[in-house]
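S.K.: I'd like to ask some things about the structure below.
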């Protein structure tokens with residue numbers, strides 16, 4: 239049995255017998271974590287999106303893609319809290335890869351990820367002036383585009399601002 243078959247077999251039980259990715263997505267979004275001691279919505283989304291990326295790209299309907307593109311807003315509306323922490327950095331990365339492969343319009347999440355990636359490169363190159371310029375633009379972009387961070391205050395100091403933004407885009411590795 240190959241990896242895809244193993245994944246499909248395990249994930250059917252994990253997603254309560256739901257067969258399609260549309261059904262699985264709706265199941266995750268509607269799930270109330272408080273009633274399930276072992277269920278983590280963010281981990282379930284990670285499993286779902288990783289499965290799409292590695293095994294089922296052809297099953298991403300336009301409707302499902304539209305829902306995935308506004309995932310942050312959907313969860314904020316449903317749960318009253320913004321997505322964050324591990325494995326969100328991986329979820330966003332996989333969504334970016336899917337968008338690129340689908341040749342989709344980049345959207346705000348992908349644009350933010352790309353800007354942050356440029357800031358990381360500038361930081362590695364010790365080009366702090368460029369990094370600071372990018373992070374200044376990125377912090378404003380995020381406040382304008384993402385409801386979850388519209389009231390966030392970022393430091394005027396470039397080093398501190400870069401560290402503050404790292405919290406949104408990374409978790410353990412740098």
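In my numbering, the protein residues as written are 239 to 412.
Each residue gets a CB set at the ideal place from its N, CA and C atoms; glycine is no exception.
Because the structure is a prediction, the values reported are computed rather than measured.
#1: For residue 398, is the classification buried or exposed, using 16 other Cβ atoms within 10 angstroms of its Cβ as the cut-off for buried?
#2: Got a sec? Which residues, its chain only, sit under 7 Å from residue 332 by beta carbon, not counting five neighbours each side?
#3: I want to know whether the stretch 317–333 touches the stretch 356–369 - three or more CB-CB distances under 8 Å.
#4: Does the Cβ of residue 378 have 16 or more other Cβ atoms within 10 Å, making it buried, or fewer, making it exposed?
#5: Starting from residue 258 and walking both ways along the alpha helix (DSSP H), at which residues does that stretch end?
#6: Do you know offhand how far residue 241's Cα is from residue 258's?
#7: Between the stretch 313–321 and the stretch 337–347, are three or more C-beta pairs nearer than 8 Å?
#8: So what does DSSP say about residue 253, is it helix, strand or coil?
#9: Classify residue 362: buried if its beta carbon has 16 or more other beta carbons within 10 angstroms, exposed otherwise.
#10: State the DSSP-derived secondary structure class of residue 243, mapped to helix, strand or coil.
#11: Can you tell me whether residue 353 is buried or exposed? The criterion is at least 16 other CB atoms within 10 Å of its CB, across all chains shown.
#12: Could you tell me how far apart the beta carbons of residue 310 and residue 386 are, in whole angstroms, since I believe they sit closer than 8 Å?
#13: Relative to the C-alpha of residue 364, which candidate in 396, 390, 260 has its C-alpha closest?
#14: When the Cα atoms are used, what is the spatial distance from residue 346 to residue 296?
#15: Thinking residue 262 and residue 268 are a contact (beta carbons under 8 Å), I'd like their distance in whole angstroms, please.
#16: For residue 239, count the other beta carbons within 10 Å of its own beta carbon; 16 or more makes it buried, fewer makes it exposed. Which is it?
#17: Compute the Euclidean distance between the alpha carbons of residue 266 and residue 394, then round it to the nearest angstrom.
M.R.: Short version:
#1: Numbered from 1 along the chain shown, position 160 holds the residue referred to as residue 398. So residue 398 counts as exposed.
#2: As a working note, residue 332 is residue 94 in the chain shown. The answer, listed in chain order, is 287, 288, 291.
#3: no
#4: In the chain shown, residue 378 corresponds to position 140, counting from 1. By the 10 Å Cβ count, residue 378 comes out exposed.
#5: Residue numbering aside, residue 258 sits at position 20 when the chain shown is read from its first letter. From DSSP, residue 258 is part of no alpha helix (DSSP H); its letter is neither H nor E.
#6: If you number the chain shown from 1, residue 241 lands on position 3. If you number the chain shown from 1, residue 258 lands on position 20. Taking the straight line joining both Cα atoms gives about 18 Å.
#7: no
#8: As a position in the chain shown, residue 253 is number 15, starting the count at 1. Note: residue 253 maps to coil in three-state DSSP.
#9: Start at 1 with the first residue of the chain shown, and residue 362 comes out as number 124. Counting Cβ neighbours within 10 Å, residue 362 comes out exposed, since fewer than 16 surround it.
#10: Residue mapping note: residue 243 aligns to position 5 of the chain shown, counting from 1. Looking at residue 243 - three-state DSSP - the assignment turns out to be helix.
#11: Taking the first residue of the chain shown as position 1, residue 353 is located at position 115. When all chains shown are included, residue 353 counts as buried.
#12: The residue given as residue 310 occupies position 72 in the chain shown. The residue given as residue 386 occupies position 148 in the chain shown. Contact flag correct, Cβ pair sits at about 6 Å.
#13: Position 126 of the chain shown holds residue 364. Considering only alpha carbons, the answer is 396.
#14: For this step, residue 346 is matched to residue 108 along the chain shown. For this step, residue 296 is matched to residue 58 along the chain shown. In a straight line, the C-alpha of residue 346 is about 23 Å away from that of residue 296.
#15: Taking the chain shown and counting its residues from 1, one reaches residue 262 at position 24. Taking the chain shown and counting its residues from 1, one reaches residue 268 at position 30. Actually they do not touch by this definition, with Cβ atoms about 11 Å apart.
#16: As a first step, residue 239 must be located in the chain shown, where it is residue number 1. Counting Cβ neighbours within 10 Å, residue 239 comes out exposed, since fewer than 16 surround it.
#17: In the chain shown, the residue the question calls residue 266 occupies position 28. In the chain shown, the residue the question calls residue 394 occupies position 156. Computed Cα separation, rounded: 39 Å.
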